[in-house]
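In my numbering, the protein residues as written are -9 to 250. Backbone N, C-alpha and C define an ideal beta-carbon position, used for all residues, glycine too.
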């Protein structure tokens, strides 16, 4: 699989990979490599590494020996986990409840990536957030909205899978002053919990991450593209998240009306 490595900061690399729907439309996927405060490394999500990308990772990580942990953050991103276990056998591999259920033969740690205890364990380097008011693991396996979002404060980078999407617009639109949007995954209305509080819970959560991570400059999203702050001008990620929330107000209000 062809991959591309983007160095976001001196301690954060986003690795872009390929994921094709129906074998035709490539919507991409990703993983991120972080050098932690102790000099060792953490992977956010799993990705099959080959060629120049694998060589680069091996150079950084002492041939993989310095990769301490792999954190799988999206319940439905499972294709590359087995290969990641093979490539980094000495690392501790963490997954969501669905990862452990779908691949019980792999050597998983007991802590899951949605657990608060795991978030505390890695808190010296990372901050975690899980969307509220929506299903984390939907019964409909075609709905992939939710994931564990991670913020690497030292590089001011948000790593996110399907929940938030960054759309890179054509250069001609940028020339005329239209900024690249950040949006919530279009399946939001289908994953809101079946209760009257769900819409308000989601809205409160979205506002919280916008404020808590208001100094974010970079956003690495799985199936679209990476927003790298020093290459962009204009609206901040904080404001883009709030604008994304504004654009889903009709969906949230429609959900609330069902319970009136």
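Proximity winner among the options, relative to residue i (alpha-carbon distances)
| i | options | result |
| --- | --- | --- |
| residue -6 | 216, 228 and 233 | 216 |
| residue 41 | 95, 210 and 49 | 49 |
| residue -8 | 208, 189 and 6 | 6 |
| residue 93 | 206, 111, 81 and 73 | 73 |
| residue 39 | 4, 66, 179 and 25 | 4 |
| residue 171 | 52, 121, 237 and 28 | 237 |
| residue 239 | 183, 208 and 190 | 190 |
| residue 252 | 144, 122 and 209 | Missing from the structure shown is residue 252; the chain here goes from -9 to 250 and no further. |
| residue 98 | 208, 84, 19 and 46 | 84 |
| residue 2 | 44, 146 and 130 | 146 |
| residue 86 | 80, 95, 53 and 66 | 66 |
| residue 258 | 210, 218, 233 and 225 | What is shown of the chain runs -9 to 250, which leaves residue 258 out entirely. |
| residue 26 | 117, 247 and 210 | 117 |
| residue 130 | 183, 30, 55 and 79 | 183 |
| residue 79 | 55, 45 and 43 | 55 |
Beta carbon of residue i nearer than 8 Å to that of residue j
| i | j | result |
| --- | --- | --- |
| residue 59 | residue 32 | yes |
| residue 119 | residue 139 | yes |
| residue 181 | residue 128 | yes |
| residue 203 | residue 148 | yes |
| residue 89 | residue 115 | no |
| residue 137 | residue 155 | no |
| residue 192 | residue 150 | no |
| residue 19 | residue 37 | yes |
| residue 134 | residue 188 | no |
| residue 175 | residue 206 | no |
| residue 57 | residue 21 | no |
Per-residue burial, residue i [other beta carbons within 10 Å of its own, 16 or more giving buried]
| i | result |
| --- | --- |
| residue 168 | Any answer about residue 168 is weak, because its pLDDT of 39 lies below 50 and its placement is not dependable; what the coordinates show is given next. By the 10 Å Cβ count, residue 168 comes out exposed. |
| residue -3 | exposed |
| residue 69 | exposed |
| residue 77 | buried |
| residue 106 | exposed |
| residue 162 | Confidence is the limiting factor: at residue 162 the pLDDT is only 38, short of 50, which leaves the residue's position unreliable, though a coordinate-based value still follows. Exposed, by the Cβ-count rule. |
| residue 61 | buried |
| residue 242 | buried |
| residue 208 | buried |
| residue 95 | exposed |
| residue 23 | buried |
| residue 108 | buried |
| residue 104 | buried |
| residue 152 | buried |
| residue 102 | buried |
| residue 28 | exposed |
| residue 165 | Note that residue 165 scores 37 on pLDDT, short of 50, meaning its location in the model is unreliable; the coordinates nonetheless yield the value given after this. Exposed, by the Cβ-count rule. |
Bridge partner(s) assigned by DSSP for residue i
| i | result |
| --- | --- |
| residue 154 | 174 |
| residue 98 | 83 |
| residue 21 | 5 |
| residue 208 | 147 |
| residue 244 | Its beta-bridge partners do not exist; DSSP assigns none. |
| residue 33 | 23 and 60 |
| residue 191 | The partner list for residue 191 (beta bridge, DSSP) is empty, contrary to what the question assumes. |
| residue -6 | 6 |
| residue 119 | 139 |
| residue 66 | None; residue 66 has no bridge partner. |
Cβ-Cβ separation, residue j to residue i (assumed contact under 8 Å), whole Å
| i | j | result |
| --- | --- | --- |
| residue 231 | residue 200 | 4 Å |
| residue 126 | residue 186 | 19 Å between Cβ atoms; not a contact. |
| residue 35 | residue 75 | Going by Cβ atoms, the distance from residue 35 to residue 75 rounds to 13 Å, so no, they are not a contact pair. |
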